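Asks: Number 264 in our numbering belongs to position 252 of the sequence shown; there are no gaps in the numbering.
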Amino acid sequence: MDLAGKQIDPHAYHQKSPVLIRGFFHLPWRTAVLVFWVGWILSCAPTLHKPPSPRVVAPPVEPEIRVCLTDRPATTSLQFLTPYRLQLEEAEYILDRRIGILQVQLSADRVVLRNDKRYFSLPAPARLVFVPDGGTGQFEWNGRVYPGVFSIRLDHSGSYVINQLPLEEYLKGVIPFEMPTGQAEYQEALLAQAVAARTYALYRLRQEPRHPAFHLYADVRDQVYGGLEKVNDRVLEALRRTRGQVLTRSEQVAHVQYHSTCGGYLENYLEPPDSSADLWADRAEDGDNCRISPIYRWIERRDVGTVLQNLQRLGRIDEQDREAWRQQGFAFRLRVNERTTTGRVQSLYIQVADREFTIQGYAIRRVLADSSGRALPSNFFLLVTSPTLPEQFYIIGAGFGHGRGMCQWGALGMALSGANYREILRFYFPAYELKKVYQ
Ligand SMILES: [Zn+2]
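1) Quick check: is any heavy atom of ligand 1 less than 7 Å from the C-beta of T354?
2) Kindly indicate the opening and closing residues of the alpha helix (DSSP H) around E335.
3) For R222, which residues in the same chain have their Cβ closer than 6 Å to its Cβ, ignoring the five residues on either side in sequence?
4) For R255 versus E200, is the C-beta distance shorter than 8 Å?
5) Hey, A250 and L202: beta-carbon distance below 8 Å or not?
6) Taking the runs of the beta strand (DSSP E) that are 3 residues or longer, which of them lie wholly in the segment 377-417?
7) Give every residue of the same chain whose Cβ lies closer than 7 Å to the Cβ of G239, excluding the five residues on either side of it in the sequence, and list them in chain order.
8) What first and last residue would you give for the beta strand (DSSP E) that runs through P188?
9) Could you give the DSSP three-state label for A250: helix, strand or coil?
10) Tell me P178's beta-bridge partners as DSSP assigns them.
11) To the nearest angstrom, how far is the alpha carbon of D83 from that of L166?
12) Enumerate in chain order the residues of its own chain whose CB-to-CB distance from Q235 is below 7 Å, with the five nearest sequence positions on each side excluded.
13) What did DSSP end up calling E263 once you bin it into helix, strand or coil?
14) Rounded to whole angstroms, what's the CA-CA distance from F439 to S383? Just pull it up for me.
15) Is it a yes or a no for the segment 343-361 touching the segment 387-406, going by three-plus beta-carbon pairs under 8 Å?
16) DSSP on Y450, reduced to helix/strand/coil?
17) Using beta-carbon positions only, say whether Y198 and L424 come within less than 8 Å of one another.
18) At the level of alpha carbons, what is the spacing between L134 and R386?
19) Whose CA, out of Y450, R252 and G422, lies closest to the CA of R303?
20) If we ignore side chains and look at the alpha-carbon of each, how far apart do P95 and G160 end up?
21) List the whole-angstrom C-beta distance separating Y450 from E74, where the pair is believed to meet the contact cut-off of C-beta under 8 Å.
22) Is it the case that the CB of N391 approaches a heavy atom of ligand 1 more closely than 7 Å?
23) CA-CA distance, W153 and H271?
24) So, are the CB atoms of Q150 and K447 less than 8 Å apart?
25) Which residues bound the beta strand (DSSP E) around G346?
26) Where DSSP assigns a beta bridge to W310, which residues make up the other side?
27) Could you check the C-alpha separation between S163 and A103 for me, to the nearest Å?
28) Consult DSSP for E220 and reduce its assignment to one of helix, strand or coil.
29) Determine the burial state of E279: buried for a count of at least 16 other Cβ atoms within 10 Å of its Cβ, exposed for fewer.
30) Rounded to the nearest angstrom, what separates L323 and V348 at their Cα positions?
31) Go through its chain and collect everything with a Cβ distance to A86's Cβ below 7 Å, but skip five positions before and after it.
32) Return the first residue and the last residue of the alpha helix (DSSP H) that I436 is part of.
33) So, at 6 Å on beta carbons, what are the nonlocal neighbours of P40 in its own chain, with the 5 sequence-adjacent residues on each side left out?
34) Hey, how far is the Cα of D366 from the Cα of G430?
What follows is the structure, given as C-alpha cells:
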C-alpha cells in the first residue's frame with residue numbers, strides 16, 4: 013500500500029516491455045527491416061572498450077584567508093596605493109592614490125569615509141568591499157601597507173575591518189611580527205615558525221573560524237599580522253622553502269600553539285574537550301633551548317595598591333570598595349593555590365579585608381599586572397614578600413606566554429645549535445606529521 017492508499021501492482025513495471033515489442037511489430041514493414049538491420053550491424057560491430065576516464069582531481073590550490081584587522085569602533089586612515097573597485101547598488105567607483113588619505117570612522121551604526129574631496133556615509137547594516145582592479149593591489153591602513161581585498165562590515169554582531177588575501181601573502185605579514193628575522197643563523201627557526209603559523213591559520217580557515225565573516229584576528233588572540241612592512245629576504249626564503257607545508261594529525265590540520273619563551277619547561281596540555289583529536293601531550297622539557305631569551309628569567313615588584321587597581325580593572329571590585337578599604341585599613345593575603353605539573357600557577361588566592369578572590373588562568377597575569385595594566389609575562393613564578401616593606405612583594409618568574417606548543421626562543425636556540433626546521437618541529441610537536449597540502 014502506498015501513501016495514497018492505492019495498491020501497487022507488482023507487474024506494472026514489466027508491462028512496459030510488451031508495449032515496446034508491440035510497438036516494433038506495428039511499424040511499417042520497410043522501417044521495421046531498416047531498424048532490424050541497423051540493430052544487427054551495431055550488435056556485430058566490435059565493442060570499443062574505452063578505459064575508464066581517469067578522475068580528474070584538481071591539485072589543491074593555495075586558499076585565501078580573511079583576517080580581521082580590527083573589531084573595535086574606531087577612526088582609522090585608509091589610502092589605496094593601486095586602483096581598487098567599489099561596487100555599490102547605484103554605481104561602481106574606482107579609487108586610487110589620487111583620492112588621497114581617507115578617514116574611516118567606524119561606529120556601531122554607521123561607517124563614514126571622508127577627506128576634503130570625498131564624503132561617503134552608510135548606515136548599518138553595511139558591507140563595503142574594495143577589490144583590487146587587475147588582480148593584485150595594495151592599500152595603506154593606519155600607516156601599514158597590506159595586499160589584497162579591503163572590506164568593512166557593519167552588522168548586528170559588530171563592526172569589522174577585514175583583509176582578504178592569499179594565505180602565503182598573509183604569512184609574509186605574520187612571521188616577522190612573531191619572530192626576529194635579522195640574523196642568518198636563525199633561518200631554520202623562521203622556517204619552523206612559517207610552518208607553525210601556516211598550520212594555525214589553516215586550522216582557523218578550515219576547522220574553526222572565529223566569525224562567519226572572517227577566519228582569524230590580526231592580533232595576539234590569534235597571531236600577529238602587521239602587513240608587508242617587515243618582509244625581508246629571510247622571510248621570503250622561509251615561505252618559499254616551506255610553501256604549503258603544515259602539521260597534521262589523523263589527516264586533519266593540527267591545532268598548534270606556540271609562545272615566546274617557556275622558561276625551560278613546556279606546559280603539557282590536552283586538546284580542548286570539544287576537539288575530536290585524541291588526548292596528547294607536548295614534550296615537557298625544553299632544557300636550555302630558550303636560555304638565550306631576554307625573558308628567560310625575570311623579577312617584578314608589585315604593591316598591594318596595584319593589585320587592588322587590577323582587581324577593579326577585572327571587574328571584581330569597584331571604586332567604593334577600594335575607597336572604603338583605604339579609609340578603614342585592611343588585611344591583605346596573596347598566595348598560590350594550585351600549580352600545574354610543570355609549576356605554572358593555575359589558581360591564585362587573594363584576600364582583602366573579608367573578601368576572598370580566586371583568580372585562574374590568564375586572569376592571574378592580569379591581576380598581577382603593573383600599574384599601567386601590562387600583564388605579567390607568564391604564570392610561571394614564585395611570590396616573595398618584601399623584607400622591608402609589608403605592602404610590597406616580588407614576583408620571580410620565568411618565560412613569556414602560556415608555555416604550550418613551540419617555544420619560539422627555544423626554536424631560535426635550536427637553530428643556533430644547528431638543528432633544521434624539521435628537527436625543530438619534531439621536537440616541539442612530536443605527535444604531528446609534516447605534510448604539503450598545496451603546491
Ligand atoms: Zn623554551
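For each residue, glycine too, the CB sits at the ideal point set by N, CA and C. As the structure is a computational prediction, the values presented were derived from the model and not from experiment.
Replies: According to the structure shown:
1) For this step, residue 354 is matched to residue 342 along the sequence shown. Answer for T354: no, Cβ out of range of ligand 1.
2) Position 323 of the sequence shown, counting from 1, holds the residue named residue 335. Unbroken alpha helix (DSSP H) run through E335: E331 to Q340.
3) Within the sequence shown, numbered from 1, the residue matching residue 222 stands at position 210. So the list reads L228, once near-sequence residues are dropped.
4) As a working note, residue 255 is residue 243 in the sequence shown. As a working note, residue 200 is residue 188 in the sequence shown. Their beta carbons are not under 8 Å apart, which means R255 does not touch E200 by this criterion.
5) Here residue 250 refers to the residue found at position 238 when the sequence shown is read from its first residue. Here residue 202 refers to the residue found at position 190 when the sequence shown is read from its first residue. Contact flag set, yes.
6) 393-397 and 404-410
7) If you number the sequence shown from 1, residue 239 lands on position 227. Closer than 7 Å at the Cβ level, and outside the excluded window around G239, lie R156, V157, Y158 and G185.
8) Numbered from 1 along the sequence shown, position 176 holds the residue referred to as residue 188. Where P188 is concerned, there is no enclosing beta strand (DSSP E), although the alpha helix (DSSP H) it sits in stretches over I187 to E190.
9) Taking the sequence shown and counting its residues from 1, one reaches residue 250 at position 238. Helix at A250.
10) Residue numbering aside, residue 178 sits at position 166 when the sequence shown is read from its first letter. For P178, which the question treats as bridged, DSSP gives the partners E76.
11) The sequence position of residue 83 within the sequence shown is 71, counting from 1. The sequence position of residue 166 within the sequence shown is 154, counting from 1. Whole-angstrom Cα-Cα distance: 10 Å.
12) By one-based count along the sequence shown, residue 235 stands at place 223. Cβ within range, chain order: V186, E190, A209 and Y212.
13) Here residue 263 corresponds to residue number 251 of the sequence shown, with the count starting at 1. The answer is coil: DSSP assigns E263 none of H, G, I, E or B.
14) Residue mapping note: residue 439 aligns to position 427 of the sequence shown, counting from 1. Residue mapping note: residue 383 aligns to position 371 of the sequence shown, counting from 1. Approximately 38 Å, taken between the alpha carbons.
15) yes
16) Taking the sequence shown and counting its residues from 1, the one referred to as residue 450 is at position 438. Correct three-state label for Y450: coil.
17) Here residue 198 corresponds to residue number 186 of the sequence shown, with the count starting at 1. Here residue 424 corresponds to residue number 412 of the sequence shown, with the count starting at 1. Contact: yes.
18) Position 122 of the sequence shown holds residue 134. Position 374 of the sequence shown holds residue 386. Whole-angstrom Cα-Cα distance: 37 Å.
19) Residue numbering aside, residue 303 sits at position 291 when the sequence shown is read from its first letter. When each option's Cα is compared against that of R303, the closest is G422.
20) Against the sequence shown, residue 95 aligns to sequence position 83. Against the sequence shown, residue 160 aligns to sequence position 148. Taking the straight line from one Cα to the other gives about 12 Å.
21) Walking along the sequence shown from the start, residue 450 turns up at place 438. Walking along the sequence shown from the start, residue 74 turns up at place 62. Between E74 and Y450 the Cβ distance is about 5 Å, and since that is below 8 Å, they are a contact.
22) Within the sequence shown, numbered from 1, the residue matching residue 391 stands at position 379. Flag unset: Cβ of N391 not near ligand 1.
23) One-based indexing of the sequence shown puts residue 153 at position 141. One-based indexing of the sequence shown puts residue 271 at position 259. Straight-line Cα distance between these residues: approximately 27 Å.
24) Taking the first residue of the sequence shown as position 1, residue 150 is located at position 138. Taking the first residue of the sequence shown as position 1, residue 447 is located at position 435. Contact flag unset, no.
25) In the sequence shown, residue 346 corresponds to position 334, counting from 1. Note on identity: in this sequence residue 346 is Leu, with Gly being the wrong assignment. That run of the beta strand (DSSP E) goes F344 to R351.
26) On the sequence shown, residue 310 is found 298 positions in, with the first residue counted as 1. DSSP lists G409 as partners of W310.
27) On the sequence shown, position 151 is the one that residue 163 refers to. On the sequence shown, position 91 is the one that residue 103 refers to. Distance between the alpha carbons of S163 and A103 is about 17 Å.
28) The residue labelled residue 220 in the question sits at position 208 within the sequence shown. In the structure shown, E220 sits in coil (DSSP, three-state: anything other than H, G, I, E or B).
29) Along the sequence shown, read from residue 1 onward, the residue named residue 279 stands at position 267. With 16 or more other Cβ atoms within 10 Å, it is buried.
30) What you label residue 323 is simply residue 311 of the sequence shown in a count that begins at 1. What you label residue 348 is simply residue 336 of the sequence shown in a count that begins at 1. L323 and V348: Cα-Cα distance of roughly 16 Å.
31) For the purposes of this step, residue 86 is identified with residue 74 of the sequence shown, where counting begins at 1. Only L118 meet the Cβ criterion.
32) As a position in the sequence shown, residue 436 is number 424, starting the count at 1. Here the alpha helix (DSSP H) through I436 covers Y433 to Y440.
33) To locate residue 40, count along the sequence shown from 1; it is residue 28. Legend: pLDDT at P40 = 47, less than 50; position of this residue unreliable, value from coordinates given subsequently. The answer is none, since no qualifying residue turns up.
34) Position 354 of the sequence shown, counted from the start, is the residue given in the question as residue 366. Position 418 of the sequence shown, counted from the start, is the residue given in the question as residue 430. Approximately 56 Å between the Cα atoms of the pair.
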